[in-house]
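For the sequence shown, the UniProt record's numbering assigns the number 1 to the initial residue and increments by one for each residue that follows.
Glycine residues also receive a C-beta, built at the ideal position from the N, C-alpha and C atoms.
Since we're looking at a predicted model, the values are computed, not measured.
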Amino acid sequence: MPLLDNIRKCVSRRHGLTRRPTRILFNVRIEDSFKTQNVPSQLRDLLVYIARDGVAVTDLFRRPGNPQDMKKIIGDLEAGRPVAWSDYNFYTLANIAKRYLLHIEGGILGRDSEEKLLSTLDLPDDQARIEGMHRQVIAIHRSAQLTLPGFRF
1 MPLLDNIRKC
11 VSRRHGLTRR
21 PTRILFNVRI
31 EDSFKTQNVP
41 SQLRDLLVYI
51 ARDGVAVTDL
61 FRRPGNPQDM
71 KKIIGDLEAG
81 RPVAWSDYNF
91 YTLANIAKRY
101 LLHIEGGILG
111 RDSEEKLLST
121 LDLPDDQARI
131 EGMHRQVIAI
141 HRSAQLTLPG
151 FRF
């Protein structure tokens, strides 16, 4: 039974641990914003919260949010402090997501990838167009791929 007790201790110690949220950097290239190739947990949680609970809100990305709340949330995200998304207005959260995505230096795809992707639209054959787009999306940085939820990889 000592083996079972050791397993129980390991599991109970791990149960009390919480992961520290990752810091989100604003106004930098997307490769610099993500320390690993994964989307930061805070940004992922924000986008998932907006996608799940904010779909019923009209004009979600058009209306301005609360400027004081936005400054506070952005400060918390940059410092790596956890944020309770349910405490804030959807318009404020949508503006934070929009501000992050719009101020990525060079855009999500990058200027060259964007131009190549748009040039594939001029191909006459549908299958060649799809394959060209797929090649371009796979060629970009992995972290940029993860921010494009509409694509399946």
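If you reduce the DSSP assignment to three classes, tell me which class residue i lands in.
{"i": "residue 142", "result": "helix"}
{"i": "residue 56", "result": "coil"}
{"i": "residue 132", "result": "helix"}
{"i": "residue 15", "result": "Confidence in residue 15 is poor, its pLDDT being 49 and thus under 50, which makes the residue's placement unreliable; the coordinate value appears in the next sentence. Note: residue 15 maps to helix in three-state DSSP."}
{"i": "residue 48", "result": "helix"}
{"i": "residue 152", "result": "Unreliable positioning characterises residue 152 in this predicted model, as indicated by a pLDDT of 40, which lies under 50. A coordinate reading is not provided."}
{"i": "residue 96", "result": "helix"}
{"i": "residue 4", "result": "Interpretation of residue 4 is limited by its pLDDT of 48, a score under 50 that renders its predicted location unreliable; no figure is taken from the coordinates."}
{"i": "residue 105", "result": "coil"}
{"i": "residue 84", "result": "coil"}
{"i": "residue 147", "result": "coil"}
{"i": "residue 124", "result": "coil"}
When we look at the beta-carbon of residue i and count the other beta-carbons within 10 Å, is it buried (16 or more) or exposed?
{"i": "residue 147", "result": "buried"}
{"i": "residue 48", "result": "exposed"}
{"i": "residue 68", "result": "exposed"}
{"i": "residue 232", "result": "The chain is shown from 1 up to 153; residue 232 falls before or after that span and cannot be answered."}
{"i": "residue 39", "result": "buried"}
{"i": "residue 30", "result": "buried"}
{"i": "residue 83", "result": "buried"}
{"i": "residue 79", "result": "exposed"}
{"i": "residue 143", "result": "buried"}
{"i": "residue 86", "result": "exposed"}
{"i": "residue 119", "result": "exposed"}
Assuming residue i and residue j make a contact with CB atoms under 8 Å, what is their CB distance in whole Å?
{"i": "residue 103", "j": "residue 27", "result": "5 Å"}
{"i": "residue 136", "j": "residue 116", "result": "5 Å"}
- [ ] Evaluate contact between the region 118-127 and the region 76-92, counting only Cβ atoms and requiring at least three cross-stretch pairs below 8 Å.
- [x] no
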